[in-house]
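Here the structure comes first, spelled out in structure tokens, and everything after it is commentary.
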Amino acid sequence: MATFRLHEEPLQSDWLDAYGHLNEAYYLVPFSNATWKLQDHFGIGTEYFEENGCALYTLETHLRYVGEVRAPATLSIESAILGVDTKRLHVGHTMWSGTRECATFECMLLHYDTQAERSAAFPDVIREGLHNALLKPTPEWVGRALRRLE
67 MATFRLHEEP LQSDWLDAYG HLNEAYYLVP FSNATWKLQD HFGIGTEYFE
117 ENGCALYTLE THLRYVGEVR APATLSIESA ILGVDTKRLH VGHTMWSGTR
167 ECATFECMLL HYDTQAERSA AFPDVIREGL HNALLKPTPE WVGRALRRLE
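When we follow the numbering used here, the leftmost residue of the sequence shown carries the number 67, and every step to the right adds one.
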């Protein structure tokens with residue numbers, strides 16, 4: 067399946083660090099906003115939560131800084147489904163500023179029933195839709211760990 071371009075937003079001046087770059091903490095904001103758009107696209111966003119009390123909780127993230135971001139800029143996020151099982155969803159995003167790749171982000175999400183206070187299986191129709199959208203092959207940066215120094 068292909069990737070999805072569901073979110074873009076302008077770089078905010080209060081996101082800049084003392085050097086005039088996008089501060090490392092604020093890279094996560096557009097990625098998080100893109101995850102919400104991706105959830106909505108697959109019918110597991112806020113309306114889904116309001117209907118049945120199930121939500122997606124983030125278990126783990128990995129953010130790679132690939133290129134600098136300076137103002138003014140519009141950040142465009144390309145999203146992909148990288149994996150899905152009964153209860154978990156692996157999502158990846160790439161941040162672009164114009165034609166320049168700036169960062170990648172991946173996260174593992176857990177389908178959680180807030181009323182029962184435990185993880186829960188995705189409904190079959192949701193899981194199948196996510197499975198049908200899997201990006202194959204996955205980009206080379208997927209699943210990387212932080213480099214270790216000796």
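The C-beta atom is built at its ideal place from N, Cα and C for all residues, glycine as well.
Cut-off 6 Å between Cβ atoms - residues of its own chain near residue i, not counting five sequence neighbours on either side
| i | result |
| --- | --- |
| residue 159 | 97, 100, 143, 145 and 171 |
| residue 73 | 99, 100, 103 and 143 |
| residue 70 | 145 |
| residue 156 | 148, 149 and 174 |
| residue 131 | 169 |
Helix, strand or coil at residue i according to DSSP, with G and I counted as helix
| i | result |
| --- | --- |
| residue 155 | strand |
| residue 83 | coil |
| residue 77 | coil |
| residue 126 | strand |
| residue 109 | coil |
| residue 191 | helix |
| residue 101 | helix |
| residue 95 | helix |
| residue 144 | strand |
| residue 196 | helix |
Start and end residues, beta strand (DSSP E) containing residue i
| i | result |
| --- | --- |
| residue 172 | 166-179 |
Chain-order list of residues whose beta-carbon lies under 8 Å from that of residue i (same chain, five-residue window excluded)
| i | result |
| --- | --- |
| residue 81 | 88, 89, 92 and 95 |
| residue 213 | none |
| residue 200 | 67, 147, 148, 149 and 150 |
| residue 86 | 136 and 137 |
Cβ neighbours of residue i in the same chain (closer than 7 Å, five flanking residues each side left out)
| i | result |
| --- | --- |
| residue 110 | 122 and 192 |
| residue 208 | 148, 158 and 172 |
| residue 133 | 166, 167 and 168 |
Cβ pair count under 8 Å reaching 3, the region 193-209 against the region 150-165: They touch, by the three-pair rule.
The region 174-191 contacting the region 129-143, beta-carbon criterion three pairs below 8 Å: Using a C-beta cut-off of 8 Å, the region 174-191 makes no contact with the region 129-143, since fewer than three inter-stretch Cβ pairs fall below that distance.
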